[in-house]
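Line by line, the protein sequences are chains V and B.
Just so you know, we're using our numbering here: the first sequence kicks off at 1447 and counts up by one.
Just so you know, we're using our numbering here: the second sequence kicks off at 3 and counts up by one.
Here the structure is laid out as C-alpha cells; the discussion comes afterwards.
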Amino acid sequence: MRYSALSVFLNGLRGNSNWAAAWRQPEPKPHYDVVIVGGGGHGLATAYYLAKQHGIRNVAVLEKSWLGAGNIGRNTTIIRSNYLLPGNNPFYELSMKLWEGLEQDFNYNAMVSQRGVLNLYHTDAQRDAYTRRGNAMRLHGVDAELLDREAVRERLPFFDYDNARFPIKGGLLQPRGGSVRHDAVAWGYARGADERGVDIIQHCEVTGIRRENGRVVGVETTKGFIGTNKLALATAGHSSQTARMVDMTLPLESHVLQAFVSEGLKPFIDSVVTYGAGHFYVSQSNKGGLVFGGDIDGYNSYAQRGNLATVEHVAEAGVAMIPSLSRVRVLRSWGGVMDMSMDGSPIIDRTHIDNLYLNAGWCYGGFKATPASGFCFAHLIATGEPHATARAFRLDRFRRGYVIDEKGQGPQPNLH
Amino acid sequence: MASLIRCPHCGARPKEEFTIRGAAVTRPQPDAGEDAWYAYVYLRDNPMGPFDEYWHHTSGCRRWLVVSRDTRTHETYGVRDAAAVAGESRS
C-alpha cells in the first residue's frame, strides 16, 4: 500500500484499523542469492538498494533481535557531511543527497529535518582547522559557512560566550545538516525492501558460516541452515564476532557510546550544536526533548551501557556551554556498541573469501552514513566493484598505509 | 564497572584515578617482520567476554597495570602490574 496524505486521512476516518503490516514475517527459504547478516540501518538499506537499484530481490536480512534493536535505534539522529578528507567527503555527501530524497524514494515519513549542524570553535587553532575543513567541504561541493562569534550569538544567544576555559569564538555551520527520525529510517527501508521481495527474518541469529572449497555456501542460524550465493556482513559492533566465524581478525574495537535525552521542553535549540572543546553535542527532538551526548567512554564494551564518570563529564560540558541546562532533568540515558576502526573511518569491501563482503567500522558515525552505506554496499555486492565514492574504504588500507584518519589520532580507537 | 579497582601497589582506589589504554597486546621484537607489526598495531581480537587491557594508574602510583575485565558485564576480576605480566610471558 502506498502511503499518502489521503491514505492517512481515510484510515483516520476508519479508526486506523485498516493499516496493513509494513513488512511480512516470513520463514527463511532454504537458499537466497544474497544473505545480509544484521537487520540494522545499514543491512536494511543494503537490501533495499540491492532490490531497487540492482534488481536483486531474492535476498534475506537476518537479524538476531528485533528489527532496529541495535544502533539504528540508539543514535542521536544527526546527519551531516562536514568531512575533511577526500576519502570520506564524497561518500558522506552522497549520503546527504540520499537523505534529501529519501522520504519520497521509500515513501515513508522519516522526518528529515535539515536544521543545520554547527561546530563551535574556541581557539585560533581551532578556527584555522575549521576554516580548512570548511574550504575542503566547499571544494567538494558541500555547503559550509564559517560564523564568527557575533553570528553564532545571534543564532544562539543563551550560550556562555565567555566561559573561562572554552570561550566561544565562532563556529563552522553546515546548513544542510540536521536530524532524522532514526526508527523511521529502519522501518522505511524495511518496508521498501520487503515490498520488493526481500525476506526480513527477525530473531534469527547467525551462529556459523559454512564454507566449501574456499567459498561461503551459507550460514548456520538459530532457524537452521540458510544457503546463499553471496554473504554480506553488516553487524556493526559485533563485526569482530561474525568475522571470526571465517577466521578473520578485524582492525576494530567495540566501544560504548552513551547518549541522553531530557524531559520535553519548549522550542529551545533549532539546530544541532557541537561543543568541540568540551566533548558535548545537543539538538532538540521534535517532541521537545534535548538529545545530547559526548565522546565514547573509552574502553571495550558490549554491554550497551556506560559508566557514570562519562555521564558526569557530559553533563558538565553541557552546562559549561549552556548554563541554563543545569536545571533540565534527564529522562533517559543509554549506550550502543560502536565498531571503532583503527583510523576512525569505515570499511566497505570484499574479503579474502570471494563471495563474502564486509561492511563495518562505522565508529560513532554510522547513522548519517546509513543511505550511502547501503547504496555503496549494494553496489559492491551486485557488481563486484566498489562504488566510486567508497573506493577508499578498503579493508587492506591499514596494511598498505592508506589510512583515512580525520582526527589524526593514530591507531588508538578510544581517542577517535 | 566496579567503582573501586584493586591496584596491586595502592590497594582499592576509585576507577577515575586510572586511564585505560586498550588491549594488552604484546609488542613484537623490532625484527619480527611486517606481518607481526601490522597485527600489533592494527588487528584486535576484540573479544566479547574476558579481556585483558592496559590501564595506567594516572593519579596514583603511575604504574602500568593489566586489568582483566569482562566486556559484556564490565566486571573486573584481576589487576596485575604490567611489568610482572611481561616477566611471566618472558619466562
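Ideal placement from N, C-alpha and C gives every residue a C-beta, glycine not left out.
Just measuring C-alpha positions, the residue of 1592/V, 1794/V, 1459/V sitting nearest residue 1572/V is 1592/V. By the Cβ-count criterion, residue 1798/V is exposed, with fewer than 16 other Cβ atoms from all chains shown falling within 10 Å of its own Cβ. Pairing residue 1557/V with residue 1754/V, the inter-Cα distance amounts to about 32 Å.
For residue 1813/V, the uninterrupted alpha helix (DSSP H) run begins and ends at 1812-1829, by DSSP.
At least one C-beta of chain B is nearer than 8 Å to the C-beta of residue 1749/V.
Taking CB atoms only, residue 1680/V has no neighbour in chain B less than 8 Å away. With respect to the 8 Å criterion, residue 1817/V and residue 1491/V are classified as neighbours on the basis of their beta carbons. DSSP, read as helix, strand or coil, puts residue 1730/V in strand. Judged by pairs of C-beta atoms under 8 Å, the segment 1739-1758 of chain V touches the segment 1695-1702 of chain V, as three or more such pairs exist. The DSSP-derived three-state label of residue 1617/V is strand. Below the 9 Å Cβ cutoff, chain B contributes 22, 23, 24 as neighbours of residue 1860/V, in chain order. When DSSP reads this structure, residue 1686/V sits in no beta bridge, so it has no partner.
Here the segment 1494-1503 of chain V makes contact with the segment 1815-1830 of chain V; the two share three or more CB pairs at distances below 8 Å. At least one beta carbon of chain B lies nearer than 8 Å to the beta carbon of residue 1699/V. If you ignore the 5 residues before and after residue 1605/V, its C-beta comes within less than 7 Å of the C-beta of 1614, 1767, 1768, all in its own chain and listed in chain order.
Excluding the 5 residues flanking it on each side, residue 1638/V has same chain C-beta neighbours closer than 6 Å at 1494, 1552, in chain order. Residue 1814/V is positioned such that its CB atom lies no closer than 8 Å to that of residue 1611/V.
Around residue 1549/V, the same chain offers 1555, 1556, 1558 as residues with beta carbons nearer than 7 Å, after the five sequence neighbours per side are excluded. For residue 1845/V, the nearest CB of chain B lies under 8 Å from its own CB, placing it at the interface with that chain. For residue 50/B, the number of other beta carbons within 10 angstroms of its own is at least 16, and it is reported as buried. By the beta-carbon neighbour count (other beta carbons within 10 angstroms, threshold 16), residue 1600/V is exposed. Each residue's CA atom was taken as its position, placing residue 1772/V and residue 1862/V some 28 Å apart. Per the Cβ contact rule, the segment 1665-1681 of chain V is in contact with the segment 1471-1483 of chain V (3 or more Cβ pairs under 8 Å).
Contacts with chain B at 8 Å (Cβ-Cβ) do not include residue 1447/V. Under the three-state reduction of DSSP, residue 1860/V is assigned to helix.
Sequence-ordered contacts of the segment 1746-1775 of chain V with chain B read 1746, 1747, 1748, 1749, 1753, 1755 [C-beta pairs closer than 7 Å]. Rounded to whole angstroms, the gap between the alpha carbons of residue 1722/V and residue 1566/V is 6 Å. Contact check for residue 1677/V against residue 1805/V fails: the beta carbons are separated by 8 Å or more.
Residues of chain B whose Cβ lies closer than 9 Å to the Cβ of residue 1708/V do not exist; the shortest such Cβ separation is about 25 Å. Take residue 1545/V, set aside five residues on each side of it, and the residues of its chain with a beta-carbon closer than 7 Å to its own are 1525, 1558, 1626, 1817, in chain order. The beta carbon of residue 11/B does not come within 8 Å of any beta carbon belonging to chain V, so the residue lies off that interface. 8 Å or more divides the Cβ of residue 1710/V from the Cβ of residue 1739/V.
Remark: C-beta atoms of residue 1689/V and residue 1517/V do not approach each other more closely than 8 Å. Exclusion of the five residues before and after residue 1630/V leaves 1554, 1555, 1556, 1557 as the residues of its chain whose Cβ lies within less than 7 Å of its Cβ. By the criterion of at least three beta-carbon pairs nearer than 8 Å, the segment 1834-1842 of chain V is not in contact with the segment 1723-1731 of chain V.
Contiguous alpha helix (DSSP H) elements confined to the segment 1646-1727 of chain V occur at 1685-1690, taking only those with 4 or more residues.
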